[in-house]
Amino acid sequence: MESRIPENSNSKIGHNLLPSMPSCTNRSCFFCILSETVPSVRRAKIAQYFKQMPRKEDQEHILVLSGLWKIAMTKPNNPEFPFLGIFTCMAKLIRKGVSDRIWLLRHQNIYIPYYAAHIIGSYTMNKTKFAKKAVKSLVVEPLVKLLQGKITWIEQRVALRALGHLASHKATFEAVKEYESEIIEAAMNITSTCLNKVYENFVGVKESQRLEYHRNLLTRGFGGLELENRKAEEWASQLQCWSLYLLHCFACRERSLRLICKKQFLKDLCGMWGGLSNPCSPAGIGLLKTLCHTQMGRESIADLQEVIECFCNVSRSSDERQHMAIESLLQLLRDPVTRNKVIDTAAPVLADLVELGVIKGKKHEVGKAIMQVLLQDYQTIKFCNLGLKYSERTRKTLEELWSLKVERVKREKLMSEQEIRERKALLGVRKHEGNKIFLSGEIEKAVMKYSEALDSCPLKLKKERIVLHSNRAQCYLLLRDAEGAISDATRALCLSSVARPHSKSLWRRSQAYDMKGLAKESLMDCLTFISTRFSSWQTKGFKIPYYAARIVNTQMNATWLFASAKSKLCSKHEEMKEFVMCQNGIDVMNLRKKMKGELHTV
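In terms of the UniProt record's numbering, the sequence shown opens at residue 1 and continues consecutively.
Listed below in structure tokens is the structure:
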């Protein structure tokens, strides 16, 4: 349980600047020691200072730590402090803060554990030799204490950062592994509850109720309420992302998989997006992808329909993690143990992606890999009359894919130029007829006409196929068939270039995702749509279309990092009100019925 720390200081510490060397005569002043010109004397004094610091009671400690923090952040590869005892010093300071509450609340000592953990994390980020030195200095145990919430969520954040760096180095993972059960349990708990905790303890409370030292750390002593809220949201996102990364360090080494692969936790991972503030974070999808590389992870995930559907949704979106979702589905389909469990859900979705080219993070054409995996046993099933192995929908999907990517490719290779020109002319006629039927309001007939045009369109005519798929997607939108619209819009986008995706298809797919209640996918498509429109307009006066701005605003509210936390907090307040009313003898159920009846009368 997180300890509630009272406000112990209204003063703002010197966060921003490492002070210039003060003009003082105190031989033990750290900043005077730094100005020592003789290297050997300087190193000896610094080492002595680090030894004495945890034992001394000095109000200047926080100023020194603030300066050390800035040095560690700006010069994390400088070996001077790591090899003069800074890790032992920081570890002792954290232990003191965790075990001695009286000391922690004295002066500005409340800031010390935060800065100490941050300094450890900065120096162990890049250099393995620094990480090994930190482990020998016994930093892991006090960091685990912070991770378990011995102080507050602010310190948990920097403990996660430091432990994540130590766990990422092969040479120091064993030292972290000694606290495996405590770390996994704490990291999973933080991952699942941190957004609610930050909202309930900081963002969702009045300004006067916020801990002063939290406010100072978030804004470095400057800024108002808006900056505090923005930084709190950023840090809450980091809390979740860094805890996921720490779990990933264990999962990729196949450690604690039974704990990590709990059903409810795997379901929760699907909603851990990372947010727009961390576009490069793998978030929940990243950890799920890592688990898909293990046998236990694949078997656990294959039994959860919600997770498979999450993979499917992300694989057809403009999300940065699209390739992670696709790779995860392919891993599940390659495994004979899990293939049959997921193929009925995954095949129709992946079939829309078989013409996808190179996507971010991949060097090969993803569509070809998808086709090979989906059709890996198709010939055996088809020619051995084993069609019952898959559902009717899956069998039909694989037949269409075989026809499109194998049989049709062979036929069109034999077509003459004359025949291609005739096909193109026929295609134009059917497309024109489809447009006329669409404008007359006969949407279902327009779908049939566009389908006929697609069947006769040579595969090499990509531009024509893009338009036909996109037009049919618009028809499905009007028919309220969201899945059909997503499928066709995705096929159109796979045929267009990655650098310049088909903007109309992006907008139509965004609308379809909105229709299905998939706010994140809708938002990402809409933002990509706006980006493509902006890049295609050469004039400086480009404005975001109103309809796009409206859907962005709607989906941003729906996908706000604290949306769920705010809803839960409001529910708690309502429950508390009802409890108080019941204690006062008020019949809540009858009151609700009465209010409902009055509203109905009005």
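Think of the CB as a built atom: it goes at the ideal place given N, C-alpha and C, for glycine as much as any other residue.
Close-in-space but distant-in-sequence residues of the same chain around residue i (CB under 7 Å, 5 per side omitted)
| i | result |
| --- | --- |
| Asp-525 | Ser-317, Ser-318, Leu-506, Arg-509, Ser-510, Tyr-513 |
| Ala-232 | Val-198, Phe-202, Val-203, Leu-218 |
| Lys-51 | Gly-85 |
| Glu-36 | Arg-42, Lys-45 |
| Asn-77 | Asn-126, Lys-127 |
Residue i to residue j span [Cα, whole Å]
| i | j | result |
| --- | --- | --- |
| Phe-222 | Gly-204 | 20 Å |
| Ile-234 | Ser-522 | It should be noted that the sequence gives Glu, not Ile, for residue 234. Taking the straight line joining both Cα atoms gives about 22 Å. |
| Leu-166 | Arg-95 | 18 Å |
| Thr-554 | Ala-519 | 8 Å |
| Ala-131 | Leu-163 | 10 Å |
| Gly-271 | Ala-558 | 12 Å |
| Ala-473 | Lys-566 | 36 Å |
| Ile-260 | Arg-423 | 55 Å |
| Lys-133 | Met-125 | 13 Å |
| Ile-190 | Cys-89 | 27 Å |
| Leu-178 | Glu-399 | The sequence as given places Glu at residue 178; Leu does not occur at that position. Each residue's alpha carbon lies about 52 Å from the other. |
| Ile-154 | Glu-80 | 28 Å |
| Val-337 | Tyr-390 | 14 Å |
| Asn-313 | Glu-254 | 27 Å |
| Pro-82 | Tyr-123 | 7 Å |
| Arg-106 | Leu-304 | 51 Å |
| Lys-368 | Leu-374 | 10 Å |
| Gly-149 | Thr-397 | 51 Å |
| Ser-181 | Pro-142 | 15 Å |
| Ile-551 | Met-448 | 30 Å |
| Ser-496 | Lys-463 | 8 Å |
| Ala-346 | Glu-309 | 8 Å |
| Ser-99 | Leu-34 | 31 Å |
Residue i and residue j closer than 9 Å at C-beta
| i | j | result |
| --- | --- | --- |
| Thr-294 | Ala-325 | no |
| Arg-491 | Asp-352 | yes |
| Val-135 | Thr-172 | yes |
| His-118 | Val-158 | yes |
| Ser-256 | Cys-292 | no |
| Lys-262 | Ala-302 | no |
| Ser-243 | Met-188 | yes |
| Ala-446 | Ile-437 | yes |
| Val-409 | Leu-459 | yes |
| Lys-289 | Gln-322 | no |
| Val-139 | Ala-91 | yes |
| Leu-479 | Ile-530 | no |
| Cys-249 | Ala-283 | no |
| Asp-268 | Ser-315 | no |
| Ser-300 | Leu-333 | no |
| Arg-215 | Glu-228 | yes |
| Ser-503 | Arg-465 | no |
DSSP state of residue i mapped onto helix, strand, coil
| i | result |
| --- | --- |
| Gln-240 | helix |
| Ala-116 | helix |
| Thr-152 | coil |
| Asp-488 | helix |
| Gln-59 | coil |
| Ala-251 | helix |
| Tyr-199 | helix |
| Arg-4 | At Arg-4, the pLDDT of 45 sits below 50, so the modelled position is not reliable; the number obtained from the coordinates is stated separately. Here Arg-4 sits in coil by DSSP. |
| Trp-273 | coil |
| Asp-319 | coil |
| Gln-511 | helix |
| His-169 | coil |
| Arg-210 | coil |
| Trp-560 | coil |
| Leu-259 | helix |
Own chain residues within Cβ distance below 6 Å of residue i, not counting five before or after
| i | result |
| --- | --- |
| Gly-484 | Tyr-476 |
| Tyr-115 | Leu-65, Trp-69 |
| His-469 | Asp-488, Arg-491, Ala-492 |
| Asp-344 | Ser-391, Thr-394 |
| Ala-175 | Val-135, Val-140 |
| Met-53 | Cys-89 |
| Ile-486 | Arg-509, Ala-512 |
Residues near residue i in its chain [Cβ-Cβ closer than 8 Å; skip 5 each side]
| i | result |
| --- | --- |
| Met-556 | Leu-523 |
| Asn-109 | His-61, Ile-62, Gly-97, Trp-103 |
| Leu-246 | Leu-160, Leu-163, Gly-164, Ala-167, Ile-183, Ala-187 |
| Gly-224 | none |
| Ser-535 | Arg-500 |
| Cys-494 | Asp-352, Leu-353, Val-354, Glu-355, Leu-356, Gly-357, Gly-367 |
| Met-595 | Legend: pLDDT at Met-595 = 47, less than 50; position of this residue unreliable, no value from coordinates given. |
heavy atom of the ligand FAD below 8 Å from residue i C-beta
| i | result |
| --- | --- |
| Ala-482 | In terms of ligand content, the structure shown is empty, and the ligand FAD therefore cannot be addressed. |
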